[in-house]
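Here the structure comes first, spelled out in structure tokens, and everything after it is commentary.
Numbering (this note's numbering), first residue to last: 3 to 257.
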């Protein structure tokens, strides 16, 4: 059993991608289940096999602690750590190849709170990875790309797990825009050149320094353009997952 945490900024399409990838796995007869870890989710594009909302109700948190929606989201995120054993106990009774884990809509509620490390450890960190979804609107410029990749690297640093970077909603971009973004990721020298070509200002200087730090961190490698609505890139996600967990071999071949 291997865990894939779908993480990303608000509006990056995490839940939609979880639903699309689950359907793709089902269509290809690959066994998987879905776990929803977003207590604030009102509507999901899939039927979760395990749902944190069974134990944490956002309205009840607001009432009990006298909080507004934002404060309740923070408390609910921390309450996940208190209730995660209930999730892990159920998972222990299930035999499946992959667990698709949908995380809270607000990135900081999962990536930057200590309770998330408790959650990840309880579910088995040694057999887990991150599928990081980025909103394509963040990639309109070289500086924007570097800023978005800095955030992705911080998430990887905080959660300390292998990561695959996904350019989400790629269907809303022109083909040449997708090609440019993927070229930035796959060929850092091209990105550096485009940073130099942008107007010289404090933002550009910071962008180049961040680029150097990112290059030294080794985060550059391969980015995959995906779209849940158009079902683009789903086989590529699976191939990346297989490479991480099984060295490229199908899970059932190793069993």
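All residues carry an ideal CB built from backbone N, CA and C; glycine is no exception. Bear in mind the structure is a predicted one, so any value in this text is a computation, not a measurement.
Could you tell me whether the Cβ atoms of residue 227 and residue 169 are closer together than 8 Å? The residue you call residue 227 lines up with position 225 of the chain shown. The residue you call residue 169 lines up with position 167 of the chain shown. It is a contact, given that the beta carbons lie within the stated cut-off.
Within 10 angstroms of the Cβ of residue 255, are there 16 or more other Cβ atoms? Answer buried if so, exposed if not. The sequence position of residue 255 within the chain shown is 253, counting from 1. Unreliable placement is indicated for residue 255, whose pLDDT of 43 sits below 50; the coordinate value is still reported in the next sentence. Per the 10 Å Cβ criterion, exposed.
Which runs of the alpha helix (DSSP H), 4 residues or longer, sit entirely within the segment 50 to 79? Listed in chain order, they are 60 to 67.
Alpha-carbon to alpha-carbon, residue 47 and residue 159: Reading the chain shown from its first residue, position 157 is the one you call residue 159. Reading the chain shown from its first residue, position 45 is the one you call residue 47. Their Cα atoms are separated by approximately 29 Å.
Any 3 or more C-beta pairs closer than 8 Å across the segment 42 to 56 and the segment 135 to 152: Touching, no.
Classify residue 91 as helix, strand or coil using the three-state DSSP reduction. Counted from its first residue, the chain shown places residue 91 at position 89. In the three-state scheme derived from DSSP, where H, G and I count as helix and E and B as strand, residue 91 is classed as helix.
Helix, strand or coil: which one does DSSP assign to residue 32? Within the chain shown, residue 32 is the residue found at index 30, counting from 1. In this structure, residue 32 counts as coil in the three-state DSSP scheme.
Cα-Cα separation between residue 30 and residue 104, rounded to whole angstroms: Here the question's residue 30 lines up with position 28 in the chain shown. Here the question's residue 104 lines up with position 102 in the chain shown. Spanning the two alpha carbons is a distance of roughly 21 Å.
From residue 26 to residue 5, what does the alpha carbon distance come to, in whole angstroms? As a first step, residue 26 is located in the chain shown; it is residue number 24 there, counting from the start. As a first step, residue 5 is located in the chain shown; it is residue number 3 there, counting from the start. For residue 26 and residue 5, the distance between alpha carbons rounds to 17 Å.
Rounded to a whole number of angstroms, what is the C-alpha to C-alpha distance between residue 243 and residue 68? Reading the chain shown from its first residue, position 241 is the one you call residue 243. Reading the chain shown from its first residue, position 66 is the one you call residue 68. Rounded to the nearest whole angstrom, the CA to CA distance from residue 243 to residue 68 is 42 Å.
For residue 37, does the count of other Cβ atoms within 10 angstroms reach 16, so buried, or fall short, so exposed? Walking along the chain shown from the start, residue 37 turns up at place 35. Buried, by the Cβ-count rule.
Buried or exposed: where does residue 96 fall if 16 or more other Cβ atoms within 10 Å of its Cβ makes it buried? Taking the first residue of the chain shown as position 1, residue 96 is located at position 94. With fewer than 16 neighbouring CB atoms inside 10 Å of its own CB, residue 96 falls in the exposed class.
Limits of the unbroken beta strand (DSSP E) element including residue 8: If you number the chain shown from 1, residue 8 lands on position 6. Membership of residue 8 in the beta strand (DSSP E) is indicated by the continuous run 4 to 10.
When the distance is taken between beta carbons, is residue 157 closer than 8 Å to residue 102? Within the chain shown, numbered from 1, the residue matching residue 102 stands at position 100. Within the chain shown, numbered from 1, the residue matching residue 157 stands at position 155. Their beta carbons are not under 8 Å apart, which means residue 102 does not touch residue 157 by this criterion.
Enumerate, from N- to C-terminal direction, the unbroken beta strand (DSSP E) stretches of 3 or more residues contained entirely within the segment 152 to 225. Listed in chain order, the beta strand (DSSP E) elements of length 3 or more contained wholly in the segment 152 to 225 are 165 to 169.
Assign residue 167 to buried or exposed, taking buried as 16 or more other Cβ atoms, counted over all protein chains shown, within 10 Å of its Cβ. Here residue 167 refers to the residue found at position 165 of the chain shown. The residue in question, residue 167, is buried, as its Cβ has 16 or more Cβ neighbours within 10 Å.
Rounded to whole angstroms, what is the Cα-Cα separation between residue 208 and residue 75? Taking the first residue of the chain shown as position 1, residue 208 is located at position 206. Taking the first residue of the chain shown as position 1, residue 75 is located at position 73. Straight-line Cα distance between these residues: approximately 33 Å.
Go ahead and pull the three-state DSSP assignment for residue 255. What you label residue 255 is simply residue 253 of the chain shown in a count that begins at 1. Because residue 255 carries a pLDDT of 43, less than 50, the predicted location of this residue cannot be relied on, and the following value inherits that uncertainty. DSSP, read as helix, strand or coil, puts residue 255 in helix.
Could you give the distance in angstroms between the alpha-carbon of residue 111 and the alpha-carbon of residue 216? For the purposes of this step, residue 111 is taken as the residue at position 109 of the chain shown. For the purposes of this step, residue 216 is taken as the residue at position 214 of the chain shown. The C-alpha of residue 111 lies about 24 Å from the C-alpha of residue 216.
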